[in-house]
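If you read the sequences in order, they're chains A and B.
Its first residue numbered 1, the first sequence is counted upward by one per residue in my numbering.
Its first residue numbered 1001, the second sequence is counted upward by one per residue in my numbering.
Right, one structure below, let's go through it.
Number of protein chains: 2
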Amino acid sequence: MAILDAAIRLFCRDGIGATGIDAVVREAGVARMTIYNHFGSKDGLVVAALERESAAWRTWFFARLAALQLPPREKLLAVFDILTEWFERDDYFGCALMNAVLEVRNNSEALMAVTMAHKKPVLEQLRAIAVAAGVRDPFRFTEQFDLIMNGAIVNALFTGSTNPAQDAKSVVAALIDTQIQA
Amino acid sequence: MAILDAAIRLFCRDGIGATGIDAVVREAGVARMTIYNHFGSKDGLVVAALERESAAWRTWFFARLAALQLPPREKLLAVFDILTEWFERDDYFGCALMNAVLEVRNNSEALMAVTMAHKKPVLEQLRAIAVAAGVRDPFRFTEQFDLIMNGAIVNALFTGSTNPAQDAKSVVAALIDTQIQA
DNA sequence: ATATAGATAGACCGATCGTTCTAATTTGAA
DNA sequence: TTCAAATTAGAACGATCGGTCTATCTATAT
């Protein structure tokens, strides 16, 4: 859907609040009424665009992850090489879901629902790998892994470099090595 | 200054873009012209408010840090107990500077300057403690520490709990233990 | 007591916001 | 070919945006 592609592009680049419907109309080359017929309102468009972005990102991420033929510990570390690929894209503007939730300060239950639905399968996959790696407390490890990923995501946006991915990688390496059963 | 206090309160709670001048006028109980006479424009008000918030936060943080009578390694870990205090405040809405920069996607050099001026002394202080703790690569360690702090800050906002602070604390413990010279 | 500077409330400006409406045009299936 | 459904461009709506102007009031200092 060209409308959603245009919308997510602008939402990511300029922010949701700063992107007017007219900007989406221009970017998508479509009539304003077409947007309202499809999505009902700007909020509807926002949710639909973020859902699409979420699905596209997960498809890409899981494919990258599945392509790795590595033992569990190395697979967890390789996640940050995948993030490096993400960070060096010229249209990298951080995580669309995270930016959206931060922009509205958790005040949209619809956005929170989309974000939770986004994070859940990702973290479950990572937790399964952590279990296979023999991590002591997989649930807590996954929360820490998520925290480190998020730190890398915002610092990569902040600094405009991919260094945070490799910084995060060695942090996780240190974390794993204290969590593997002897 | 009551204007700046009101402004930062609204900017933190609702976001900068979502906060109109009229809202600040209402919150501060002041005339609109008074704001423009003092700060010239909304952007001027934003910068002034963020500078004030930055200074207030650093004063608080450094005082908390100085009050700790601990060896360097434990002092680095105690940072996350200080963060816990921050996260449990009912007016916690994440880091004002980080939220602002994320909201404008690095497109305001004025905001970036304020944010850099904010982070620099904090990271330098932490680096000095890391040096005293005998960390192998203090510069890289500080970048990783910053990344972990930022992850905790966003996850605390996200989950509305203080758990990310303690999660981050044990991550840093693991990181330090692999970085201390034998 | 008077003069000066600052703050006040509120009308007002043009621009833009999200949204609706309409009338003409294009599309696709029967 | 025909007819219905979808899309189009653009005017228009009320609300709100950042910002300006003015006229009145309230201090403070000499």
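Idealized CB from N, CA, C, for every residue including glycine.
All values derive from a computational prediction rather than experimental measurement.
Could you check what DSSP says for valine 189(A) in three-state terms: helix, strand or coil? The structure shown does not extend to residue 189(A), since chain A spans only 1 to 182, so no value can be given for it.
Chain B contacts from the segment 3-36 of chain A (Cβ-Cβ distance under 8 Å): Of all residues in the segment 3-36 of chain A, Arg13, Asp14, Gly15, Gly17, Ala18 have a Cβ within less than 8 Å of some Cβ in chain B.
List the whole-angstrom C-beta distance separating isoleucine 129(A) from leucine 83(A), where the pair is believed to meet the contact cut-off of C-beta under 8 Å. Your pair isoleucine 129(A) and leucine 83(A) does not check out as a contact, with CB atoms roughly 15 Å apart and the cut at 8 Å.
Inspect the CB distances between the segment 1023-1037 of chain B and the segment 1116-1127 of chain B and report whether three or more fall short of 8 Å. Taking 8 Å as the limit for Cβ pairs, the verdict is that the segment 1116-1127 of chain B does not touch the segment 1023-1037 of chain B.
Tell me, please, whether the CB atom of methionine 98(A) is closer than 8 Å to any CB atom in chain B? Taking Cβ atoms only, chain B reaches closer than 8 Å to methionine 98(A), which makes this a yes.
Just mark proline 1138(B) as buried or exposed, buried being the case when its beta carbon has 16 or more other beta carbons within 10 Å. Buried: at least 16 other Cβ atoms inside 10 Å.
Distance cutoff 8 Å, beta carbons only. Does proline 1072(B) sit that close to anything in chain A? Cβ-Cβ to chain A under 8 Å: no for proline 1072(B).
Please return the same chain residues whose Cβ sits closer than 6 Å to the Cβ of isoleucine 8(A), not counting the five positions on each side in sequence. Here the set comprises Ala49, Glu53.
Within this structure, are the beta carbons of glycine 1151(B) and glycine 151(A) separated by less than 8 Å? Judged by beta-carbon spacing, glycine 151(A) lies within the 8 Å limit of glycine 1151(B), meaning their Cβ atoms are closer than that value.
Could you tell me how far apart the beta carbons of asparagine 1099(B) and leucine 147(A) are, in whole angstroms, since I believe they sit closer than 8 Å? The C-beta distance from asparagine 1099(B) to leucine 147(A) rounds to 18 Å, too long to meet the 8 Å contact threshold.
Confirm, please, whether the CB-CB distance from glutamate 1085(B) to aspartate 167(A) is below 8 Å. Against a cut-off of 8 Å, the Cβ pair of glutamate 1085(B) and aspartate 167(A) comes out as no contact.
Let me confirm a value: threonine 1019(B) is counted as buried when at least 16 other C-beta atoms fall within 10 Å, else exposed. Which label applies? When all chains shown are included, threonine 1019(B) counts as buried.
Checking contacts by CB at 8 Å: is valine 101(A) closer than that to chain B? Under the Cβ distance rule, valine 101(A) counts among the residues neighbouring chain B, one pair being separated by less than 8 Å.
Name, please, each residue of chain A whose Cβ falls closer than 8 Å to the Cβ of leucine 1046(B). Per the sequence presented here, residue 1046(B) reads as valine, with leucine not at that position. For a Cβ distance threshold of 8 Å, nothing in chain A lies close to valine 1046(B): the least Cβ distance comes to about 14 Å.
Same chain, Cβ closer than 6 Å to phenylalanine 1039(B), neighbours up to 5 away in sequence not counted: Cβ within range, chain order: Leu1045, Ala1048.
Verify the CB distance criterion: does proline 164(A) have a CB-CB separation below 8 Å to chain B? Proline 164(A) counts as touching chain B.
Name the chain B residues whose beta carbon is nearer than 7 Å to that of glycine 151(A)? Ordered by position in chain B, the residues that pass the 7 Å Cβ test against glycine 151(A) are Leu1147, Ile1148, Asn1150, Gly1151.
Mind checking if alanine 1127(B) is an interface residue toward chain A, Cβ cutoff 8 Å exclusive? As written in the sequence, residue 1127(B) is arginine, which differs from the alanine given in the question. Using beta-carbon distances, arginine 1127(B) does not count as an interface residue toward chain A, since no partner is under 8 Å.
At a CB-CB cut-off below 9 Å, which residues of chain B make contact with glycine 94(A)? Neighbours of glycine 94(A) on chain B, chain order: Leu1102, Arg1105.
Do the CB positions of alanine 165(A) and phenylalanine 87(A) come within less than 8 Å of each other? Contact: yes.
Classify isoleucine 1180(B): buried if its beta carbon has 16 or more other beta carbons within 10 angstroms, exposed otherwise. Around the CB of isoleucine 1180(B), fewer than 16 other CB atoms lie within 10 Å, so the residue is classed as exposed.
Sorted by chain position, which residues of the same chain lie with C-beta nearer than 7 Å to alanine 1078(B)'s C-beta, five sequence neighbours on each side aside? Taking C-beta separations shorter than 7 Å and ignoring five residues to either side along the sequence, the partners of alanine 1078(B) in its chain run Leu1068, Leu1070, following chain order.
By the criterion of Cβ-Cβ separation under 7 Å, what are the contact partners of glutamine 1144(B) in chain A? In chain order: Asp167, Val171.
Under a CB-based cut-off of 8 Å, is alanine 174(A) close to chain B? Answer yes: the Cβ-Cβ gap between alanine 174(A) and chain B drops below 8 Å somewhere.
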